[in-house]
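A short write-up of the structure that comes next.
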Amino acid sequence: LHAFDAKQLQGQKIIVEKAKAQEKFITLDGTELTLNGEELMIKDAERSVCMAGVIGGKNSGVTETTQEIFLEAAFFALHGVRKASRSHGLNTDSSYRFSRGVDSEGTMRALDRATELLLKVAGGSAFAEPHDFYPQAQKKEFVRISIKTVSDRLGYTADPKKFEDFMTRL
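Our numbering applies: residue 1228 is where the sequence shown begins, and numbers increase by one.
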């Protein structure tokens, strides 16, 4: 999730695309970065406002005077986030999570819950229904492992029925 000051977003437009090489970007904490063109950026109609999955920009951050927010809930591929984070030495909570993989299926639930909490705590109203540009569900892979491998890793003989029960409930 990332909150933007809606009045700071130009052209009422959000674009997701790669940065331009040598583009300057000032982060929420005031650090000026020179982008290499590989970073995935969230942009408004005129400029970059967020490095996707890493850090927001100073030019659109929420402040104590913000009256309207645009709330983004997104899933970004871990490899791109990790690469951008490392190349600029940015270790944020967001990059930490995305670099290790997050549940892409939880994005809309997170947005709904955050909206609910914002309305409850801050008041106001939600402007519209969310726009979902999720192309397709991620394919979940089955994990195959033998009881022998589990037992070897644990250092004792695992009970196959208990192990299967634990994994099924997980």
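Ideal Cβ placement from N, Cα and C applies to all residues, glycine included.
Since the model is a prediction, treat every value here as computed from it, not as a measurement.
Check whether the Cβ atoms of F1302 and T1254 sit closer than 9 Å, and answer yes or no.
The answer is no: Cβ separation not under 9 Å.
If I follow the unbroken alpha helix (DSSP H) through E1391, where does it start and stop?
Boundaries of the alpha helix (DSSP H) harbouring E1391: 1387-1396, taken from the DSSP string.
As assigned by DSSP and simplified to three states, the class of V1348
Three-state DSSP puts V1348 in a helix.
Could you tell me if I1372 is buried or exposed, where buried requires 16 or more neighbouring beta carbons within 10 angstroms of its beta carbon?
The Cβ neighbour count for I1372, taken over all protein chains shown within 10 Å, is under 16; the residue is labelled exposed.
C-beta contact flag for L1236 and V1281 at 9 Å:
The Cβ atoms of L1236 and V1281 lie no closer than 9 Å to each other.
Could you say if the region 1309-1317 and the region 1277-1297 meet the contact criterion of at least three C-beta pairs nearer than 8 Å?
Result yes; three or more Cβ-Cβ pairs closer than 8 Å.
Using the three-state DSSP reduction, which class does A1233 fall into: helix, strand or coil?
A1233 falls in the helix class under three-state DSSP.
Are the C-beta of A1300 and some C-beta of chain B separated by less than 9 Å?
Looking for chain B here will not work: only one protein chain is present.
Would you mind stating whether P1357 and A1300 have Cβ atoms separated by less than 9 Å?
Going by C-beta atoms, P1357 is nearer than 9 Å to A1300.
Where do the ends of the alpha helix (DSSP H) carrying T1376 lie?
Where T1376 is concerned, the enclosing alpha helix (DSSP H) stretches over 1374-1381.
Apart from the five residues on each side of it in sequence, which residues of its chain come closer than 8 Å, Cβ to Cβ, to G1328?
The answer, listed in chain order, is L1305.
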